[in-house]
Amino acid sequence: EESQQAVELEQKLLDITERRLTMALHTPGSGLTSVEAMIIWDDFNHTVGGRLSAWDRALLKHTIEYEIHELQQAEMTFVETQEADSEAQKQYQLSVQARLKAQQELVDAEQAEQEARRILAASEQRVLKSKLDLEDVVRGLAHAEANAKKIDYEMERRSLDLVKQSEKVRNALRAKEKEVCSIKGLPVDDFAVDQVSAERLQELKELRREERLLAQNSARFESKAARLLSRAS
């Protein structure tokens, strides 16, 4: 029974994966990843690779695999920029907190000066130190703020590059798909016309989430089934 459930889950996972890849390919702005692109490209090669001339195969391989490689680079750059932005924002928040703390210390120092003239010398020294600390923090804050803005701009630019490259690869694969359908005389499916809609993007998002959950459940069932078989033997 456990083995049957594992098989059924695996088949459902394959079905959802196929639908998700089809939607990602046919939906502008779907956020097609380099991993998804390589799966689709490999499927195209297995489907019609033998029907193309050596020149056509070489040309397609160079064009599409180059674009997929560029998408991989864009993804890695985006992740690195995102991590840098997160660290910059963290440092910025720490600088803001340090500034507030230094400002409060300055206020406390000035109040102490007014309340206790008899310790004027000590209070003035504390005020001076607090002012110097505040100046240091303000300088650090200005630097952190400028750096955070720079990283934020870079992340936005990299995000646009990623979206643009993803669409470039998707369009290349769409063109290849049309060629495959033409060669094999396949009918146009319900995804043949590119569409952009909130509902379609949301469905693609849900498919990706369900696919991850099914993959996790399938792995657990397979592991459990393997243990049961091991005990039985």
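So the sequence shown is residues -3 to 229, counted in the working numbering. Glycine included, each C-beta is placed from N, C-alpha and C at the ideal position.
Tell me whether the beta-carbon of residue 2 lies closer than 9 Å to the beta-carbon of residue 226. Against a cut-off of 9 Å, the Cβ pair of residue 226 and residue 2 comes out as no contact.
Span of the alpha helix (DSSP H), counted from its first residue to its last, around residue 112: That residue, residue 112, is in no alpha helix (DSSP H); it is neither H nor E in DSSP.
Pairing CB atoms from the segment 2 to 18 with CB atoms from the segment 201 to 220, are three or more of them under 8 Å? Output reads yes: the segment 201 to 220 touches the segment 2 to 18.
Determine the direct distance from the alpha carbon of residue 19 to that of residue 59, and round the result to whole angstroms. Cα-Cα distance, rounded: 22 Å.
Compare the C-alpha of residue 167 against each of 91, 43, 67, 114 and name the closest. Ranked by Cα distance from residue 167, the options 91, 43, 67, 114 are led by 67.
Among 103, 140, 132, which residue has its Cα nearest to the Cα of residue 122? For the residues 103, 140, 132, the minimum Cα distance to residue 122 belongs to 103.
Is residue 130 closer than 9 Å to residue 99 when the C-beta atoms are compared? Contact flag set, yes.
Buried versus exposed, by CB contacts within 10 Å (16 or more), residue 149: Flag for residue 149 reads exposed.
Taking only three categories from DSSP, how would you classify residue 26? Under the three-state reduction of DSSP output, residue 26 falls in the coil class, being neither helix nor strand.
Out of 159, 118, 87, 222, point me to the one whose CA is closest to residue 145's CA. Of 159, 118, 87, 222, the residue nearest in Cα terms is 87.
Among 224, 177, 176, 23, which one has its Cα closest to the Cα of residue 198? The option with the nearest alpha carbon to residue 198 is 23.
What is the DSSP secondary structure of residue 137, counted as helix, strand or coil? Helix at residue 137.
Between which two residues does the alpha helix (DSSP H) carrying residue 203 extend? It spans 194 to 228 - the alpha helix (DSSP H) in which residue 203 sits, taken as one unbroken run.
Would you identify the three-state DSSP class for residue 17, choosing helix, strand or coil? Helix.
Look at the alpha carbon of residue 96 and the alpha carbon of residue 161, and state the distance between them as a whole number of angstroms. Their Cα atoms are separated by approximately 43 Å.
For my contact list, residue 9 and residue 36 are in at a C-beta cut-off of 8 Å; report their separation, rounded to the angstrom. Not confirmed; about 17 Å, so no contact.
Would you tell me roughly how many angstroms separate the C-alpha atoms of residue 92 and residue 78, rounded to the nearest one? Separation of residue 92 and residue 78 (C-alpha to C-alpha, rounded to the nearest whole angstrom) is 21 Å.
Assigned exposure category for residue 70 - 16 Cβ within 10 Å defines buried: Its Cβ being crowded by 16 or more others within 10 Å, residue 70 is buried.
Could you compute how far the alpha carbon of residue 290 sits from the alpha carbon of residue 219? In the structure displayed, the chain extends from -3 to 229; residue 290 sits before or after that span and is not available.
Distance, residue 119 Cα to residue 111 Cα: The straight-line gap separating the alpha-carbon atoms of residue 111 and residue 119 is approximately 10 Å.
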